[in-house]
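**Student:** From first to last, the protein sequence lines are chains A and B.
Using the numbering used here, the first residue of the first sequence is number 37, and each one after it goes up by one.
Using the numbering used here, the first residue of the second sequence is number 3, and each one after it goes up by one.
Dropping a structure here in structure tokens format, bear with me for questions.
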Amino acid sequence: MLSLHIAARFLKKSPIQSLLIVAGISVGIAVQIFVGSLIASLQSYLIDQTLGSSPHVTIAASKEGESIKYEDKLQKILKKDKRITAILPQRTLSILYRKGSESAPLSLKGGDPKSLNSIYRLSKNVTKGSFKLTDNSILVGKEFAKSFNISPGDEIEVTLPDGKSKILKVNGIFDLGARELNQSLVFSNGKLPADILGFSKDQYSKIEIQLADVFTSTKVAKEIDKSFTGLKISDWQVEREDLLSGLSAQTSSTIIIQVFIIIAVALGIASTLSVSAIQKTRQIGILKALGMTDARSGTVFLWEGMLLGLFGTGGGVCLGLGLIGLFQWMSSRLETSLFPVEARLSFIAISAAIGIAVAMVSAIFPTRRTARLDPIEVIQSG
Amino acid sequence: MDELLTTDGLKKIYGTVLPTTAVENVSFSLSQGEFVSLIGQSGSGKSTLLNLVGLLDTPTSGKVILEGKEAHKMGRKERANLRNKLIGFIFQFHYLLPEFSVLENILMPSLIGGYKSDKRLKKFAGEILDFLGLSGLEQKNANQLSGGQKQRVAIGRALINRSSLVLADEPTGNLDTTNTDQVYELFRKINKEFGTAFLIVTHDRGIAQRTDRILEIRDGHLVQDVYNKYLSA
Numbered sequence: 037m038l039s040l041h042i043a044a045r046f047l048k049k050s051p052i053q054s055l056l057i058v059a060g061i062s063v064g065i066a067v068q069i070f071v072g073s074l075i076a077s078l079q080s081y082l083i084d085q086t087l088g089s090s091p092h093v094t095i096a097a098s099k100e101g102e103s104i105k106y107e108d109k110l111q112k113i114l115k116k117d118k119r120i121t122a123i124l125p126q127r128t129l130s131i132l133y134r135k136g137s138e139s140a141p142l143s144l145k146g147g148d149p150k151s152l153n154s155i156y157r158l159s160k161n162v163t164k165g166s167f168k169l170t171d172n173s174i175l176v177g178k179e180f181a182k183s184f185n186i187s188p189g190d191e192i193e194v195t196l197p198d199g200k201s202k203i204l205k206v207n208g209i210f211d212l213g214a215r216e217l218n219q220s221l222v223f224s225n226g227k228l229p230a231d232i233l234g235f236s237k238d239q240y241s242k243i244e245i246q247l248a249d250v251f252t253s254t255k256v257a258k259e260i261d262k263s264f265t266g267l268k269i270s271d272w273q274v275e276r277e278d279l280l281s282g283l284s285a286q287t288s289s290t291i292i293i294q295v296f297i298i299i300a301v302a303l304g305i306a307s308t309l310s311v312s313a314i315q316k317t318r319q320i321g322i323l324k325a326l327g328m329t330d331a332r333s334g335t336v337f338l339w340e341g342m343l344l345g346l347f348g349t350g351g352g353v354c355l356g357l358g359l360i361g362l363f364q365w366m367s368s369r370l371e372t373s374l375f376p377v378e379a380r381l382s383f384i385a386i387s388a389a390i391g392i393a394v395a396m397v398s399a400i401f402p403t404r405r406t407a408r409l410d411p412i413e414v415i416q417s418g
Numbered sequence: 003m004d005e006l007l008t009t010d011g012l013k014k015i016y017g018t019v020l021p022t023t024a025v026e027n028v029s030f031s032l033s034q035g036e037f038v039s040l041i042g043q044s045g046s047g048k049s050t051l052l053n054l055v056g057l058l059d060t061p062t063s064g065k066v067i068l069e070g071k072e073a074h075k076m077g078r079k080e081r082a083n084l085r086n087k088l089i090g091f092i093f094q095f096h097y098l099l100p101e102f103s104v105l106e107n108i109l110m111p112s113l114i115g116g117y118k119s120d121k122r123l124k125k126f127a128g129e130i131l132d133f134l135g136l137s138g139l140e141q142k143n144a145n146q147l148s149g150g151q152k153q154r155v156a157i158g159r160a161l162i163n164r165s166s167l168v169l170a171d172e173p174t175g176n177l178d179t180t181n182t183d184q185v186y187e188l189f190r191k192i193n194k195e196f197g198t199a200f201l202i203v204t205h206d207r208g209i210a211q212r213t214d215r216i217l218e219i220r221d222g223h224l225v226q227d228v229y230n231k232y233l234s235a
């Protein structure tokens, strides 16, 4: 460990220079952690906002308008799949709401309240009234309720597809974060549409699925498609290509930013270590004259890189976490709430490992220069 | 006496476009415990010869045999290891490491050689410090010492591995007369007490007269190899 001891002394001998390079690595790693966490959190926030309250994969009958049977085989396969977090067998029908001369077409979606809640997060998204669904009760969207001045507890009359009228009680008003859905969607339990459509217990319009990782939707959809015939499987990545390309662009730009941060950190360390190697030429020459081998003297600068990397990365992790904390504190003080930034341990660990690895790789040039140095060059130069 | 160092037809040419011969056909032997000076004018090739026998430089042709080992055939790593074990260097500009204390500078060749900085080694370093009159300065930084003290630390460093040969290149070139005398007295004392052989490069004939044998180099050729008793006779 003589090389480590010498490396530590070299760094200690030039404290300002060492502190500056440690600060440089710290800032680089902190920015890397902060920007990475910020963009990853923004991405998961966007995904949550846009896809959190909607199905990721939908199973329907291959013929438009036909119902499907939620058979035991399909149930078993879906329930066994660990990637699937929520399953909603649902029945949908179109109804019409009329008030005086005005009318509004509505899409009534009925299903088991628990399953409805697991996909549409009604317990959270119902902003007025109750999210509980009893027979002949419904939940309506915020925009629809506002347009027709409807409050929880009100009873509304709707026209069913067969032309008959039905009175339904509004239990609550939801906000799914999408104007279109808030305007046209109505939730009920599964019995109401089953009675209207004349569906049996295992007969449904569609089966909606949510996944733990939204980006596995295409794979899951293909697997279901392979296992069953006569079904039409759709997934959000195909249906919402615009959103997917936006998310992909964001991921690419994040990677580019992080790569440039790493390059900047690497160049900073490499240049400082190179200067340090030149400054210490005399000492390395003396050590070699005293019998230190080329390989061993080269490791002095590898250790310098390692030490700088360790201290710089340690500082960078603390600073990065501090920046995330500051962002969270500032967003909690603002009136309009920002998205929550989450510090993920795995990402921090990867960033720290990259920081140390970059510092060591940056030490290769001075290490090679040192290894090649001939002690006679130093002895002769006096 | 046992043979310590032998050079045979040693030659060193620098440069390829304009080749300059620094040392040519130099052959001599040094026995264990000898106290020898190497004299010559500036540019005569004495430092080059010292670097060749000190395994800091490689000869263009010829042999360097150290304690029976053919050093001229060795690679850089082997030469570095042999240098560490057998040779102690004392340079004109002392070449101490400013990042380390007096004690650490003295211990450095042992640490490079893979010895642990244990009680036994530190005790020996303490004895060397005592011997060199440097007691009490162990923890001082090398930069805080006077020129004479620095050179004494460099001598201590050359002794720590109990090297059989000390090569000194103009060791008193930067010292005043008093310090010069003290350093030569020390060399003599070490030579007698430790049995260490010395090859001292100097351009000062007065200093050379105080050694047992004088080698003289002129234009890269060894022109004189005489024992002092014959010189004084």
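The C-beta atom is built at its ideal place from N, Cα and C for all residues, glycine as well.
Only a predicted model underlies this, so the values are computations on that prediction, with no experimental measurement involved.
State the start and end residues of the unbroken beta strand (DSSP E) segment that holds A/Asn489.
**Tutor:** Given a span of 37 to 418 for chain A in the structure shown, any question on residue 489 of chain A remains unanswerable.
**Student:** Where B/Ala144 and B/Glu101 are concerned, what is the direct C-alpha to C-alpha distance, given to the nearest angstrom?
**Tutor:** Mapped onto the second sequence, residue 144 of chain B falls at position 142. Mapped onto the second sequence, residue 101 of chain B falls at position 99. Looking at the two C-alpha atoms, the distance is approximately 8 angstroms.
**Student:** Could you list which residues in chain B have their beta carbon closer than 7 angstroms to that of A/Ala325, in chain order?
**Tutor:** Taking the first residue of the first sequence as position 1, residue 325 of chain A is located at position 289. Near A/Ala325 (Cβ distances below 7 angstroms), the residues of chain B are Leu58, Phe91.
**Student:** Name the chain B residues that come within less than 8 angstroms of A/Gln315, Cβ to Cβ?
**Tutor:** Along the first sequence, one-based indexing puts residue 315 of chain A at 279. Ordered by position in chain B, no residue passes the 8 angstroms Cβ test against A/Gln315, which lies about 11 angstroms from the chain.
**Student:** Name the residues in the segment 99–120 of chain B whose C-beta lies less than 8 angstroms from a C-beta of chain A; which are they?
**Tutor:** Correct list: Leu99, Pro100, Glu101, Phe102, Met110, Pro111, Leu113, Ile114, Gly115.
**Student:** Helix, strand or coil: which one does DSSP assign to A/Ser139?
**Tutor:** Sequence index remark: in the first sequence, residue 139 of chain A carries index 103 (1-based). The answer is strand: DSSP assigns A/Ser139 an E or B state.
**Student:** Report yes or no: do the segment 32–39 of chain B and the segment 198–213 of chain B share at least 3 C-beta pairs separated by less than 8 angstroms?
**Tutor:** Yes, since at least three Cβ pairs between the segment 32–39 of chain B and the segment 198–213 of chain B fall closer than 8 angstroms, the two stretches touch.
**Student:** Which term fits A/Met366, buried or exposed, when burial requires 16 or more other beta carbons within 10 angstroms of its beta carbon?
**Tutor:** For the purposes of this step, residue 366 of chain A is identified with residue 330 of the first sequence, where counting begins at 1. A/Met366 comes out exposed.
**Student:** Could you tell me which residues DSSP puts in a beta bridge with B/Asp10?
**Tutor:** Residue mapping note: residue 10 of chain B aligns to position 8 of the second sequence, counting from 1. In the DSSP output, where bridge partners are listed per residue, B/Asp10 has B/Lys65.
**Student:** Under a Cβ-count criterion, where at least 16 other Cβ atoms within 10 Å of its own Cβ denotes burial, should B/Ser234 be classed as buried or exposed?
**Tutor:** Position 232 of the second sequence, counted from the start, is the residue given in the question as residue 234 of chain B. Confidence at B/Ser234 is low in this model, with a pLDDT of 49, below 50, so the placement of that residue should be treated as unreliable; the coordinate-derived value is given next. Flag for B/Ser234 reads exposed.
**Student:** Looking at the unbroken beta strand (DSSP E) that takes in B/Thr23, where does it start and where does it end?
**Tutor:** Numbered from its first residue, the second sequence carries residue 23 of chain B at position 21. Note, B/Thr23: beta strand (DSSP E), 22–33.
**Student:** Is B/Arg159 closer than 7 angstroms to B/Leu134 when the C-beta atoms are compared?
**Tutor:** To locate residue 134 of chain B, count along the second sequence from 1; it is residue 132. To locate residue 159 of chain B, count along the second sequence from 1; it is residue 157. No.
**Student:** Find the nearest neighbour of A/Val63 within the set A/Ile305, A/Ala122, A/Val176, A/Leu338, judged by alpha-carbon distance.
**Tutor:** As a first step, residue 63 of chain A must be located in the first sequence, where it is residue number 27. Among A/Ile305, A/Ala122, A/Val176, A/Leu338, the Cα nearest to that of A/Val63 belongs to A/Ile305.
**Student:** Going by DSSP in three states, A/Asn185 sits in which element: helix, strand or coil?
**Tutor:** Locating residue 185 of chain A in the first sequence gives position 149, counting from the first residue. Coil at A/Asn185, not helix or strand.
**Student:** For the segment 199–214 of chain B against the segment 163–181 of chain B, are there 3 or more C-beta pairs whose distance is under 8 angstroms?
**Tutor:** The segment 199–214 of chain B vs the segment 163–181 of chain B: in contact.
**Student:** For chain B, is any of its Cβ atoms less than 7 angstroms away from the one on A/Arg404?
**Tutor:** Here residue 404 of chain A refers to the residue found at position 368 when the first sequence is read from its first residue. No, no contact with chain B.
**Student:** Where are the alpha helix (DSSP H) runs, 4 residues long or more, that stay fully inside the segment 37–79 of chain A, in chain order?
**Tutor:** Counting whole runs of 4 or more residues, the segment 37–79 of chain A contains the alpha helix (DSSP H) stretches 38–49.
**Student:** Could you tell me which residues DSSP pairs with B/Phe91 in its beta bridges?
**Tutor:** The residue you call residue 91 of chain B lines up with position 89 of the second sequence. B/Leu169, per the DSSP bridge assignment.
**Student:** Is there a Cβ of chain B sitting closer than 7 angstroms to that of A/Thr329, yes or no?
**Tutor:** Numbered from 1 along the first sequence, position 293 holds the residue referred to as residue 329 of chain A. Taking Cβ atoms only, chain B reaches closer than 7 angstroms to A/Thr329, which makes this a yes.
**Student:** Return the Cβ separation of A/Val206 and A/Val176 in integer angstroms, given the expectation that the two are a contact with Cβ distance under 8 angstroms.
**Tutor:** As a working note, residue 206 of chain A is residue 170 in the first sequence. As a working note, residue 176 of chain A is residue 140 in the first sequence. The Cβ separation is near 6 angstroms, so the contact holds.
**Student:** Taking only the alpha-carbon atoms, compute the straight-line gap between B/Lys191 and B/Arg215 and give it to the nearest angstrom.
**Tutor:** Looking up residue 191 of chain B in the second sequence gives position 189. Looking up residue 215 of chain B in the second sequence gives position 213. Approximately 17 angstroms, taken between the alpha carbons.
**Student:** Near A/Ala257, what residues of its chain come up, given a Cβ to Cβ distance below 6 angstroms and the 5 sequence neighbours on each side ignored?
**Tutor:** The residue given as residue 257 of chain A occupies position 221 in the first sequence. Contacts found: Val93, Ile269, Asp271.
**Student:** Give a yes or no on contact between the segment 406–414 of chain A and the segment 13–27 of chain B, applying the rule of three or more CB pairs nearer than 8 angstroms.
**Tutor:** In short, these stretches do not touch, since the Cβ pair count stays below three.
**Student:** Would you tell me roughly how many angstroms separate the C-alpha atoms of A/Thr254 and A/Ser50, rounded to the nearest one?
**Tutor:** Counting from one through the first sequence, the residue named residue 254 of chain A turns up at place 218. Counting from one through the first sequence, the residue named residue 50 of chain A turns up at place 14. Answer to the nearest angstrom: the Cα atoms are 57 angstroms apart.
**Student:** When DSSP labels each residue in this structure, what does B/Leu113 get in the three-state scheme?
**Tutor:** As a position in the second sequence, residue 113 of chain B is number 111, starting the count at 1. If DSSP states are grouped into helix, strand and coil, B/Leu113 belongs with the helices.
**Student:** For A/Phe225 and A/Phe167, I'd like the C-alpha separation in whole angstroms.
**Tutor:** One-based indexing of the first sequence puts residue 225 of chain A at position 189. One-based indexing of the first sequence puts residue 167 of chain A at position 131. It is Asn, not Phe, that sits at residue 225 of chain A in the sequence shown. Rounded to whole angstroms, A/Asn225 to A/Phe167 spans 11 angstroms at the Cα level.
**Student:** Compare the beta carbon distance of A/Leu129 and A/Ser151 with 7 angstroms and say whether it is the shorter of the two.
**Tutor:** The count along the first sequence starts at 1 and reaches residue 129 of chain A at position 93. The count along the first sequence starts at 1 and reaches residue 151 of chain A at position 115. It is not a contact, given that the beta carbons lie outside the stated cut-off.
**Student:** Taking Cβ positions only, does A/Pro376 come closer than 7 angstroms to chain B?
**Tutor:** As a working note, residue 376 of chain A is residue 340 in the first sequence. Judged by the 7 angstroms Cβ criterion, A/Pro376 is not in contact with chain B.
**Student:** List, in order along the chain, the chain B residues whose C-beta lies closer than 9 angstroms to that of A/Phe46?
**Tutor:** Counting from 1 along the first sequence, the entry for residue 46 of chain A is found at position 10. Under the 9 angstroms cutoff, chain B gives Glu101.
**Student:** Cutting at 7 angstroms between CB atoms, please list the residues of its own chain near B/Gln94, excluding the five before and the five after it.
**Tutor:** What you label residue 94 of chain B is simply residue 92 of the second sequence in a count that begins at 1. So the qualifying residues of the chain are Asp171, Glu172, Pro173, Gly175, Asn176.
**Student:** State the CB to CB distance for the pair A/Ser73 and A/Val377, rounded to an integer number of angstroms; the pair is presumed to be in contact (CB under 8 angstroms).
**Tutor:** Against the first sequence, residue 73 of chain A aligns to sequence position 37. Against the first sequence, residue 377 of chain A aligns to sequence position 341. With 8 angstroms as the limit, A/Ser73 and A/Val377 qualify as a contact, their Cβ atoms being about 6 angstroms apart.
**Student:** What is the rounded straight-line gap between the Cα of A/Glu228 and the Cα of A/Ile95?
**Tutor:** Mapped onto the first sequence, residue 228 of chain A falls at position 192. Mapped onto the first sequence, residue 95 of chain A falls at position 59. What sits at residue 228 of chain A in the sequence shown is Leu, not Glu. Spanning the two alpha carbons is a distance of roughly 21 angstroms.
**Student:** Return the CA-CA distance between A/Leu323 and B/Ile15, expressed in angstroms with no decimal places.
**Tutor:** For the purposes of this step, residue 323 of chain A is identified with residue 287 of the first sequence, where counting begins at 1. For the purposes of this step, residue 15 of chain B is identified with residue 13 of the second sequence, where counting begins at 1. Computed Cα separation, rounded: 26 angstroms.
**Student:** Under 8 angstroms between beta-carbons, which chain B residues line up against A/Leu477? List them in chain order, please.
**Tutor:** There is no way to answer for residue 477 of chain A, as the model of chain A reaches only from 37 to 418.
**Student:** Does the segment 306–317 of chain A come close enough to the segment 279–287 of chain A that 3 or more CB-CB pairs lie under 8 angstroms?
**Tutor:** Touching, no, given that fewer than three Cβ pairs across the two stretches are closer than 8 angstroms.
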